[in-house]
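Report on one structure; see the data block that follows.
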Amino acid sequence: MVELRHLRYFLAVAEELSFTRAAALLHVSQPTLSQQIRALEKSVGAPLFQRDPGGPRLTSAGDALLEPARRAVVEVTDGIRAVRDTVQDRSGTLRVGFSLGGAGVLTPSILDACRRALPEVRLVFRELSVGALYHGLTEDRLDVALTRLPLDAERHTWTVLFEEPRLLAVAEGNPLAEVSAVDLAEILPLPMPTLDEVPTQVSDYWLLNEHRNGERANERGGPVASPGEIAHLLLHDPSVVSVAPETVRQMPPMPWLRFLELTGVAANKAVVASRQNDRRASVAGFHQIASAVARRLLAVPSAARAAGDRGAAPALSGGRGGPAPR
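Sequential numbering from 1 applies to the sequence shown in the numbering used here.
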C-alpha cells in the first residue's frame with residue numbers, strides 16, 4: 001500500500017536529486033529514506049529512480065508519478081489544514097517567516113503594520129534562510145513568508161513587493177574586487193558557494209545554472225545557508241563568488257566584501273508568499289498590508305502601483321536601491 005509518507009519521500013528525492021540532501025530535509029536517516037523509496041517502488045511495481053554515481057535520476061515511471069504525487073500531497077495537506085481550522089480555530093495564528101535578504105529594510109515596517117492591523121491574530125515570527133522559508137511554506141510549518149523568487153507556482157502564491165538587480169559579491173582578495181561591473185559570461189567559470197538544504201529550483205537560480213547549457217556551477221566549500229555564512233565563506237576562500245540581491249548592501253557592514261554590478265541577468269523579486277489554497281482572511285490580509293507598506297515606503301507612482309499588486313513589481317531605482325522618483 002502506498003502511504004502519504006512514501007510520496008513525501010519520493011518528492012523530496014525527486015526535487016533534491018540527492019538521497020543525502022533529501023534525508024536531511026526530511027529529518028530521517030539515509031538508510032531509512034532508501035528503504036521507504038524501495039517500498040514505494042515495490043508497491044507501484046517499477047523502479048522510480050536510476051541510481052547513478054552523480055545522483056539519482058527519475059526513470060520514466062518516476063516521471064509519470066511526479067505530478068500525481070504532488071497533487072496528492074497538496075490535497076491531503078489542505079484537507080488536514082481545513083480540519084484543524086474547523087476544530088482548533090487555527091485562523092487566530094499566523095506563523096510568519098522572514099530572512100535578512102527577503103524584504104530587506106521593509107521587513108520591520110511590514111511586521112509592525114501587520115501586528116497593528118490584525119490585532120486579533122497572533123503572529124509568531126521565525127527568521128530563516130531562503131531555503132528554509134521555501135520548505136516551511138511547502139511543509140505547512142509557515143503560513144506566510146517575506147522571501148524571494150523563485151518559488152513553486154503549484155505550491156505557493158505570492159504578491160510582489162519590489163524588484164531589484166542581482167549583484168555579484170566578492171571578497172577583497174578576489175581579482176574582481178577592483179572592478180565596478182562584470183558580465184554574466186565572465187563569472188560562469190568561477191566557483192560559487194555550496195548552498196545548504198536549498199530546493200534545486202532555488203539553487204539553480206542563484207548559481208546561474210539556467211545559463212550553463214545543461215552544466216552545473218562549480219560549487220565549493222561547506223554548505224552555507226544565510227547571507228552571513230556566504231560572506232564568511234568568501235572571506236575564507238576569496239576565489240569563490242556569490243550572486244545576491246541588491247538588498248545585501250543594507251546588511252551589517254562586512255568590510256571584506258565588494259559588490260559588483262552584474263549584467264546579463266534578470267532582476268530578482270522580493271515577495272510575500274503563502275501556500276496555494278490557503279484562503280484564510282488573515283493570510284490575505286497579510287499580503288495586502290505588506291503590499292501597501294511596500295508601495296508607501298517605495299513611493300511608487302500610481303500607474304505602477306496599480307500594476308504592481310500582483311506580478312508586476314515596483315522597481316527600486318538607482319544603483320543602491322533607493323526609492324523610485326515620483
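Glycine included, each C-beta is placed from N, C-alpha and C at the ideal position.
The structure presented is a predicted model; accordingly, all values stated were derived computationally and were not measured.
### Query
Can you tell me where the beta strand (DSSP E) with Ser274 in it begins and where it stops?
Per DSSP, Ser274 is one residue of the beta strand (DSSP E) stretching across 268–275.
### Task
Reducing DSSP to helix, strand and coil, say where Pro108 ends up.
Taken through DSSP and simplified to helix, strand or coil, Pro108 comes out as helix.
### Distance between Ser109 and Leu58 (C-alpha atoms, nearest Å)
The alpha-carbon atoms of Leu58 and Ser109 are separated by roughly 44 Å.
### Query
Is DSSP giving His135 helix, strand or coil here?
helix
### Query
Is the CB-CB distance between Val96 and Val160 below 8 Å?
no
### Message
Taking the beta carbon of Asp278 as the centre, do at least 16 other beta carbons fall within 10 Å, making it buried, or is it exposed?
### Response
buried
### Query
Distance, Cα to Cα, Gln250 vs Gly101?
9 Å
#### Entry: Completely contained beta strand (DSSP E) runs for the segment 193–241, where each covers 3 or more residues
219–224
### Task
Could you tell me whether the Cβ atoms of Val243 and Leu188 are closer together than 8 Å?
no
### Message
Considering only the alpha carbon of each residue, which of Ser226, Arg115, Val248 lies closest to Gly131?
### Response
Ser226
### Query
What residues in its chain sit with their C-beta under 8 Å from that of Val87, if we drop five residues either side in the sequence?
At Val87, the pLDDT of 45 sits below 50, so the modelled position is not reliable; the number obtained from the coordinates is stated separately. Nothing listed; no residue qualifies.
### Element boundaries [beta strand (DSSP E), containing Ala171]
166–171
### Query
What is the residue span of the beta strand (DSSP E) that Leu146 lies within?
144–148
#### Entry: Three-state secondary structure (DSSP) of Glu154
coil
### Query
Assuming Gln276 contacts His156 under a Cβ cut-off of 8 Å, what Cβ separation, rounded to an integer in Å, is found between them?
6 Å
### Message
So Phe19 and Ser34 are supposed to be a Cβ contact under 8 Å. How far apart are they, rounded?
### Response
Right, their Cβ atoms sit about 6 Å apart.
### Message
I need the boundaries of the beta strand (DSSP E) containing Glu261, first residue and last residue.
### Response
257–263
### Task
Over the uninterrupted beta strand (DSSP E) stretch that includes Gly97, give me the two end residues.
93–98
### Query
From what residue to what residue does the alpha helix (DSSP H) around Ala12 run?
4–16
### Message
Closer than 8 Å is the cut-off here; do at least three beta carbon pairs connect the segment 267–275 with the segment 158–173?
### Response
Judged by Cβ distances under 8 Å, the segment 267–275 makes contact with the segment 158–173, as three or more pairs qualify.
#### Entry: Which listed residue (Met254, Arg148, Glu75, Pro238) has its alpha carbon closest to that of Ser99
Arg148
### Message
To the nearest angstrom, how far is the alpha carbon of Arg305 from that of Leu7?
### Response
Note that Arg305 scores 35 on pLDDT, short of 50, meaning its location in the model is unreliable; the coordinates nonetheless yield the value given after this. The straight-line gap separating the alpha-carbon atoms of Arg305 and Leu7 is approximately 41 Å.
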